[in-house]
Amino acid sequence: MSAAVRTRIFSPDTTDRVASLLLWASAIATVLILLSIIGTIVYRGIGVIDISFLLDSPRMSGAEGGIFPAIVGTLCLVAVAILTAGPVGVGAAVYLTEYAPDNGVTHMITFGVECLAGIPSIVIGLFGYAFLVVYLGFGFSILSGGLALMFMILPWTVRASEEAIKTVSGDLKEGSVALGATKWQTIRQVVLPSALPGITTGVILGTGKAIGETAVIMYTAGSSLLLPESIFEPVRALPYHLYILASEGISDDMAYGSAAVLLGMVLLINFTAVTIQRYYQARSGLRH
Amino acid sequence: MGTEDIEIESRNLNLWYGSAQALKDVSIPIEKNRVTALIGPSGCGKSTFIRCINRMNDLIKGCRITGKVLFEGRDVYEKDVDVVVLRKRIGMVFQKPNPFPMSIYDNIAYGPRIHGTQAKRELDEVVEDSLKAAALWDEVGGILDKPALDLSGGQQQRLCIARTLAVKPDVILFDEPCSALDPISTARIEDLINVLKHDYTIIIVTHNMQQAARVSDHTAFFLLGEMIEFGETKQIFERPVEKSTENYITGRFG
Chain A
12 MSAAVRTRIF SPDTTDRVAS LLLWASAIAT VLILLSIIGT IVYRGIGVID
62 ISFLLDSPRM SGAEGGIFPA IVGTLCLVAV AILTAGPVGV GAAVYLTEYA
112 PDNGVTHMIT FGVECLAGIP SIVIGLFGYA FLVVYLGFGF SILSGGLALM
162 FMILPWTVRA SEEAIKTVSG DLKEGSVALG ATKWQTIRQV VLPSALPGIT
212 TGVILGTGKA IGETAVIMYT AGSSLLLPES IFEPVRALPY HLYILASEGI
262 SDDMAYGSAA VLLGMVLLIN FTAVTIQRYY QARSGLRH
Chain B
13 MGTEDIEIES RNLNLWYGSA QALKDVSIPI EKNRVTALIG PSGCGKSTFI
63 RCINRMNDLI KGCRITGKVL FEGRDVYEKD VDVVVLRKRI GMVFQKPNPF
113 PMSIYDNIAY GPRIHGTQAK RELDEVVEDS LKAAALWDEV GGILDKPALD
163 LSGGQQQRLC IARTLAVKPD VILFDEPCSA LDPISTARIE DLINVLKHDY
213 TIIIVTHNMQ QAARVSDHTA FFLLGEMIEF GETKQIFERP VEKSTENYIT
263 GRFG
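If you read the sequences in order, they're chains A and B. Per this note's numbering, residue 12 is the first one in the first sequence, and the count goes up by one each step. Per this note's numbering, residue 13 is the first one in the second sequence, and the count goes up by one each step.
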């Protein structure tokens, strides 16, 4: 046994201590990065945030006034994205988990979902411009931007829904089928309601991704600073507003203020998702 | 027993999961309004057997069957058999209580609703009757809108029995219904089975031999996918013909 007699440079004890130190440092670094981002943005941005910043329209291209239209624009874009990605994503997930035969076509669909998730957002933005804005004639609008965002979050919605559906216990499905329910009745009335918390969490996390997305919407949603009156009108989303404020040197303070609001929205969304998940996990814990 | 009393009969039933044979040439007659117990060590095929009767094995990939399962003289594996109707008439209660994550009321009304009953009054009646028949009404009659998952394990299992009764089956298959329950809940389920057998044909898979002796009229002993011995429960337990039956019953293996 040559390994046993090999001379060690460091004692196992030292190696172990060094390893756990490195692992601990990695974990701490992750949290530190998050805290520095939040800290910097809030520190630089908090000064300009007040009620009028949140509820006023921008003046002088955003150098003064507030960011209300951009908040509204962001919420509209995200709403269109969720309302379209939700049903399509859940539908695809139900098909893939419950109906799809185990064959080449199914594998191709699953692979396609993976690929869609991997497409750079700027490419989706460009495609959205060519297809939605120009070819379908939706113009720069909430509809174009929202649908382009949907292309981006759809794969996440499909995956989250698939995971949620797979965790519904086979016992429940058998219970329903044994009563004479058809497959669709079982899915509609037992599987989907049980999977709903997981699906909701997935969709909300998708929203978190969509809300901060800039590349997808800059070529599709437009850049108007007016309040939109329908989904066929253009809006400027919050991250894009922030990008313009900073890149064109309009106002650093306003840019950081916008960034802090955006960050607040994302954190709120993630917090909501986690809360919903916890609530339902605690409830389903009653089973045993 | 006379053939006119036979409600279900398997004839030379074979079943494979992929290439593994789980049932070998099983032939059992099941008498109407009697309790038939299936006993045997784990993996002997007794659960697989009852899942053939309401065709639950259809859901399993790579499952292949030869032979016949006659229900009222007709093979349930014939092409034009409607499995929805079959499963409505042959109910099943599972090993682990599996109430749906909805209210007590909705759990019981689930079956009648999917089979087309919509009227509130009719559903109310079915819910009450089913819960009474499952000896659960006294405990939950006042809390029908509470989540079924808040009930205790034993109550959940009686709820599952009530849910099965609600679609008015002729046969009830019990797949080790007490294996997840405490002795008191088990006793209540056994009492219930003794009452239910007046109106239903019952087949029960059990690991518990005392349970088989207490509740059943007939017993079939399974070993390694084969049905070794079938007869009156009294005879199986007191004068088994086969050596392996005697070994199992006296606790020499299993």
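In this text, a Cβ means the ideal position worked out from N, Cα and C, and glycines have one as well. Everything numeric in this text was worked out from a predicted model, so none of it was measured.
Residue i versus residue j: straight-line alpha-carbon distance, rounded
i	j	result
ARG67/B	ASN114/A	25 Å
ILE51/B	LEU35/B	14 Å
ARG19/A	LEU33/A	20 Å
ALA175/A	ARG101/B	32 Å
ARG200/B	LEU148/B	10 Å
HIS299/A	ASP61/A	Summary for HIS299/A: the model assigns pLDDT 34, below 50, so the residue's position carries little reliability, and this model does not support an answer.
SER228/B	ALA49/B	6 Å
LEU297/A	ARG226/B	Unreliable placement is indicated for LEU297/A, whose pLDDT of 42 sits below 50; the coordinate value is still reported in the next sentence. Computed Cα separation, rounded: 32 Å.
GLY166/B	LEU208/B	17 Å
LYS184/A	LEU193/B	21 Å
ALA206/A	TYR122/B	18 Å
TYR54/A	ALA284/A	26 Å
TYR254/A	MET229/A	10 Å
LYS194/A	LEU274/A	43 Å
ASN281/A	GLY217/A	10 Å
TYR117/B	GLN107/B	22 Å
PRO252/B	ILE184/B	27 Å
ALA178/B	ASP211/B	13 Å
GLY73/A	GLN196/A	53 Å
MET12/A	THR168/A	With a pLDDT of only 47 at MET12/A, under 50, the local geometry of the prediction cannot be trusted, and no value is derived from it.
PHE79/A	ILE198/A	42 Å
PHE233/B	GLN33/B	18 Å
LEU161/B	PRO111/B	7 Å
GLY148/A	PHE142/A	8 Å
ILE242/A	LEU137/A	20 Å
GLN169/B	GLY213/A	33 Å
TYR291/A	LEU238/A	37 Å
VAL59/A	LEU65/A	10 Å
ILE164/A	VAL116/A	23 Å
THR245/B	LEU190/A	29 Å
ILE216/B	VAL47/B	7 Å
Residue i vs residue j beta-carbon contact at 8 Å
i	j	result
HIS230/B	SER191/B	no
PHE162/A	GLY139/A	yes
GLY233/A	PHE151/A	yes
VAL124/A	ILE210/A	no
VAL144/A	SER132/A	no
ALA128/A	PRO166/A	yes
ILE274/B	LEU82/B	No information on residue 274/B is available, as it lies outside the stretch 13 to 266 that chain B covers here.
ASP5/B	SER115/B	In the structure displayed, chain B extends from 13 to 266; residue 5/B sits before or after that span and is not available.
ASP187/B	SER54/B	no
ILE135/A	CYS87/A	no
ALA174/B	LEU143/B	yes
GLU241/B	GLU254/B	yes
ALA81/A	ALA248/A	yes
GLY57/B	GLY237/B	yes
LEU25/B	ASN69/B	no
ILE18/B	ILE42/B	yes
CA nearest to the CA of residue i, picked from the options
i	options	result
GLY76/A	GLY50/A, GLU244/A, SER262/A	SER262/A
TYR29/B	GLU21/B, SER54/B, LYS73/B	LYS73/B
PRO189/B	VAL179/B, LEU171/B, PRO181/B, ALA178/B	LEU171/B
SER180/A	LEU190/A, PRO112/A, ARG170/A, VAL202/A	VAL202/A
THR51/A	TYR291/A, TYR267/A, ALA248/A	TYR267/A
VAL89/A	PRO69/A, ALA74/A, THR225/A, SER31/A	THR225/A
PHE61/B	LYS80/B, ASN45/B, GLU43/B	LYS80/B
ARG289/A	PRO208/A, SER269/A, LEU249/A	PRO208/A
GLN223/B	ASN26/B, THR213/B, SER197/B, GLU241/B	SER197/B
ILE48/A	ALA270/A, ALA159/A, ALA221/A	ALA270/A
VAL277/A	THR231/A, LYS220/A, THR41/A, ALA103/A	LYS220/A
Chain B residues whose Cβ lies nearer than 9 Å to that of residue i
i	result
ALA189/A	ASN66, MET68, ARG99, ILE102, GLY103, MET104, VAL105, PHE106, THR176, LEU185
VAL201/A	PHE112, PRO113, MET114, TYR122
SER205/A	PHE112, PRO113
Closer than 7 Å at the beta carbon, the chain B residues around residue i
i	result
ALA192/A	ILE126
GLN196/A	ILE126
LEU183/A	ASN110, PHE112
Chain-ordered neighbours of residue i on chain A, where CB pairs are closer than 7 Å
i	result
PRO156/B	One point to set straight first is that residue 156/B is Leu, not Pro, in the sequence displayed. Neighbours of LEU156/B on chain A: none; closest Cβ ~18 Å, over 7 Å.
Under 8 Å from the C-beta of residue i: neighbouring residues of chain A
i	result
VAL179/B	LEU190, GLY191
Chain-ordered chain A contacts of residue i [CB-CB under 9 Å]
i	result
LEU193/B	Under the 9 Å cutoff, chain A gives no residues; its nearest Cβ is about 13 Å from LEU193/B.
LEU236/B	Within chain A, no residue comes near LEU236/B; the closest Cβ sits about 25 Å away, beyond 9 Å.
VAL96/B	GLY191, ALA192, THR193
Chain-ordered neighbours of residue i on chain B, where CB pairs are closer than 8 Å
i	result
GLY50/A	Residues of chain B passing the Cβ test: none, with the nearest at roughly 42 Å.
Which residues of the stretch 128-151 of chain B have a Cβ closer than 8 Å to any Cβ of chain A? Give them in chain order. Cβ contacts with chain A: none found.
Selection of the stretch 63-86 of chain A by Cβ proximity to chain B, strictly under 9 Å: Taking a C-beta cut-off of 9 Å against chain B, none of the residues of the stretch 63-86 of chain A qualify.
Proximal residues, the stretch 34-68 of chain B versus chain A, C-beta separation under 8 Å: Per Cβ criterion, the list reads ASN66, MET68.
Would you list, in chain order, the members of the stretch 102-127 of chain A that have their beta-carbon closer than 7 Å to a beta-carbon of chain B? Shown here is that no member of the stretch 102-127 of chain A has a Cβ falling below 7 Å from a Cβ of chain B.
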